[in-house]
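Student:
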Amino acid sequence: MPRHVDYYFSPMSPWTHLGHARFREIAKRHGATVAVKPVDYGRVFPASGGVPLKQRPPQRQAYRMHELKRWRDYLGVPIQLEPKFFPIPTDLAAKVIIAAAPRGAEKQLDLAGAILKACWQEDKDISQPATLEALANGVGLDGAALVKAASEPAAQAEYDRLTQEAIDRQVFGAPTYLIGDEPFWGQDRLDFVDRALAQ
19 MPRHVDYYFS
29 PMSPWTHLGH
39 ARFREIAKRH
49 GATVAVKPVD
59 YGRVFPASGG
69 VPLKQRPPQR
79 QAYRMHELKR
89 WRDYLGVPIQ
99 LEPKFFPIPT
109 DLAAKVIIAA
119 APRGAEKQLD
129 LAGAILKACW
139 QEDKDISQPA
149 TLEALANGVG
159 LDGAALVKAA
169 SEPAAQAEYD
179 RLTQEAIDRQ
189 VFGAPTYLIG
199 DEPFWGQDRL
209 DFVDRALAQ
């Protein structure tokens, strides 16, 4: 039976950053294909009962910081706990990843990883076209062409489609991995993704 994962995420999610490389390794080990699906959580949250970080109660914000520290130390993945450019708009970054689809999922995953690292390790502003162009160039893509394509109506239409698809499939957090119709929310569920792909 072919193995496939639908990968819903935000280019600005620290949890996606913490799990991205591990997810890629798991998918590769099982020979699984991946559909790369950056979506607009500004629309997903209201549809699913979620709220942006700054609107959450103080105790939830404080616990999030404890968890980020724990997972950083456990996984050995570097992360700036309070990056300089956070929160910021992610629509352009998401659409640049979408625009890379013709180059294949592996290149999209390379680009997504570079964008996540830029935000969460390198304190770069991933809302800026010049930053995204340089990051795309760094993974062997034509950054200028991707930024231009990301500004076209087709990229926005695909972004809207993926976001609505996520809502329809009951996605509510980032990252979410769907194997068939079974959702796995959060990088802390990657052990279960691994087991599901092994079946």
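Just so you know, we're using the numbering used here here: the sequence shown kicks off at 19 and counts up by one. Glycine included, every Cβ here is placed at the ideal spot set by N, Cα and C.
Going by the CB atoms, is the gap between Tyr26 and Lys55 shorter than 9 Å?
Tutor: A contact, by the Cβ cut-off of 9 Å.
Student: Can the beta-carbon of Ile185 be found less than 9 Å from the beta-carbon of Val62?
Tutor: A contact, by the Cβ cut-off of 9 Å.
Student: Which residues share a DSSP beta bridge with Thr194?
Tutor: According to DSSP, which records beta bridges pairwise, Thr194 is partnered with Tyr26 and Trp203.
Student: Please work out which residues of its chain come closer than 7 Å, Cβ to Cβ, to Val126, disregarding the five sequence neighbours upstream and downstream, and give them in chain order.
Tutor: First, the residue type needs correcting, since residue 126 is Gln and not Val in the sequence shown. Contacts found: Val54, Ile115, Ala118 and Ala119.
Student: Go through the stretch 25 to 73 residue by residue and report every complete run of the alpha helix (DSSP H) that reaches 4 residues or more, in order.
Tutor: Correct list: 32 to 47 and 59 to 66.
Student: Using 10 angstroms around the beta-carbon of Pro32, count the other beta-carbons present and answer buried if the total reaches 16, otherwise exposed.
Tutor: By the 10 Å Cβ count, Pro32 comes out buried.
Student: Using the Cα positions of Gln182 and Arg121, report the straight-line distance between them to the nearest angstrom.
Tutor: Cα to Cα, Gln182 sits roughly 24 Å from Arg121.
Student: Could you check which residue in Ala192, Lys102 and Gly198 has the C-alpha nearest to that of Trp138?
Tutor: The residue with the shortest Cα to Cα distance from Trp138 is Lys102.
Student: Buried or exposed, going by whether 16 or more other CB atoms sit within 10 Å of the CB of Lys142?
Tutor: Per the 10 Å Cβ criterion, buried.
Student: Just reading off the alpha helix (DSSP H) that Arg179 is part of, what are its end residues?
Tutor: Element bounds for Arg179: Pro171 to Asp186.
Student: Looking at the unbroken alpha helix (DSSP H) that takes in Asp109, where does it start and where does it end?
Tutor: That run of the alpha helix (DSSP H) goes Asp109 to Ala117.
Student: Are Pro29 and Ala152 touching if we call contact CB-CB under 9 Å?
Tutor: Not closer than 9 Å, so no.
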